[in-house]
Amino acid sequence: MECDAARLYAVTMTTVTDSERSLREILDVGEDGAPPAPRHLLVTLFGTFGRTRDNWMSVAAIVRLMETLGVEGSSVRSAISRLKRKNILVAQRRGGSAGYSLSDHVLEVIGDGDDRIFVHRRATAADPWLVAVFSVPESERDKRHLLRTTLTRLGFGIVAPGVWVVPAVMADEVRRALRRSGLDEYVDLFAGGHVGFGDLSQKVSCWWDLDAVSREYRQFIDRYAQLAERVSESAPSDEDAFAVYVPMLTVWRRLPYRDPGIPLANLPSDWPAVAAEQIFAHLYEELHPAAERYVSEVDSSLT
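Residue numbers (numbering that gives the first Met the number 0): 0 to 302.
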């Protein structure tokens, strides 16, 4: 019953702020095995390849690369328009060519996500937990909503309405995110261990929706395990590598936020994260260099 109450509390937020919409576009990529939307592919494209090119990509290159991902020009324009409205993409002209860059705010958010997505240290049973305790006046309910949304997006579990928890290996990222959103004055953060009472693993299953997270990991495994085997046997062309790498990364980048490094000792024995992480690491190693070459080739052909 307590688990049900905590989860009900987590979904009773009815208003959606501009900041939340922006964060959703960066972190959300669809659930239940749905293919990534064009706007989510665009965020991955810019976050992975645009940042290494002085944070800019020409419109011509964007359209060509998105076509390789199976996205038509009209859908690309619609996705760009949506991301511009949310201040995720900013229009810029360079050398007489029209193009786009990630906004400064989004660059910070994506930069913070690099370690979580590509390194994603998992806490051990000996590591401390980070506890966020907050109270926001009713007169600032919009801040309360934004705070709960931010903590949810960072992967916090809900202990009680004003007490949320996450492995303390995420402490630095949490502090940066709260300061960046102007929410640090409403929160106290504590790090420590669980000294009582009850079974911690059982409580973890209440604080997080482990069934949903496990399902997403298994969907990733089902979708990409055979691909990982194939690329080991035969290297794809640069274009083909790009065409499968960007959607794969788009699907993956949600998962480290859903499972913020919870210790394996506190998770079910058949927790699928380790297998999924191995598949991702293998595909990253095999596909990223080739995808990078393809983007450079497209860039060169259009200059």
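Ideal Cβ positions, reconstructed from N, Cα and C, are used throughout, including at glycine.
Of the residues the options, the one placed nearest residue i, counting alpha carbons only
| i | options | result |
| --- | --- | --- |
| residue 189 | 136, 214, 163 | 163 |
| residue 100 | 73, 86, 116 | 86 |
| residue 40 | 173, 217, 245 | 245 |
| residue 296 | 277, 148, 236, 250 | 236 |
| residue 38 | 83, 95, 292 | 83 |
| residue 280 | 116, 66, 200, 161 | 116 |
| residue 292 | 73, 90, 239 | 239 |
| residue 107 | 173, 272, 125 | 173 |
| residue 268 | 54, 60, 71, 204 | 204 |
Inter-residue spacing [alpha-carbon to alpha-carbon] between residue i and residue j
| i | j | result |
| --- | --- | --- |
| residue 62 | residue 202 | 48 Å |
| residue 227 | residue 168 | 29 Å |
| residue 276 | residue 192 | 26 Å |
| residue 220 | residue 137 | 44 Å |
| residue 287 | residue 114 | 16 Å |
| residue 208 | residue 224 | 24 Å |
| residue 249 | residue 35 | 7 Å |
| residue 45 | residue 146 | 27 Å |
| residue 283 | residue 200 | 32 Å |
| residue 26 | residue 53 | Because residue 26 carries a pLDDT of 43, less than 50, the predicted location of this residue cannot be relied on, and the following value inherits that uncertainty. Going from the Cα of residue 26 to the Cα of residue 53 covers about 22 Å. |
| residue 263 | residue 210 | 15 Å |
| residue 148 | residue 140 | 12 Å |
For residue i, the residue or residues it bridges with in DSSP
| i | result |
| --- | --- |
| residue 48 | In the DSSP output, where bridge partners are listed per residue, residue 48 has none listed. |
| residue 166 | 128 |
| residue 99 | 56, 90 |
| residue 187 | 132 |
| residue 156 | 164 |
Below-8 Å beta-carbon distance, residue i vs any chain D residue
| i | result |
| --- | --- |
| residue 52 | Looking for chain D here will not work: only one protein chain is present. |
Burial state of residue i (16 or more Cβ within 10 Å)
| i | result |
| --- | --- |
| residue 57 | buried |
| residue 176 | buried |
| residue 48 | buried |
| residue 301 | exposed |
| residue 213 | buried |
| residue 290 | buried |
| residue 215 | buried |
| residue 125 | exposed |
| residue 98 | buried |
For this session: May I ask you to verify whether the segment 180-200 touches the segment 125-133, counting CB pairs closer than 8 Å and requiring at least 3?
Result: Three or more Cβ pairs drawn from the segment 180-200 and the segment 125-133 lie within less than 8 Å of each other, which places the two stretches in contact.
For this session: Indicate whether the contact test is met: 3 or more Cβ pairs, each with one atom in the segment 192-199 and one in the segment 167-182, closer than 8 Å.
Result: Fewer than three pairs of CB atoms, one per stretch, sit closer than 8 Å, so the segment 192-199 makes no contact with the segment 167-182.
Exercise. Below 8 Å, can you find three or more Cβ-Cβ pairs linking the segment 259-271 to the segment 148-165?
Worked result: Contact check between the segment 259-271 and the segment 148-165: three or more CB pairs, one atom from each, fall below 8 Å, which counts as touching.
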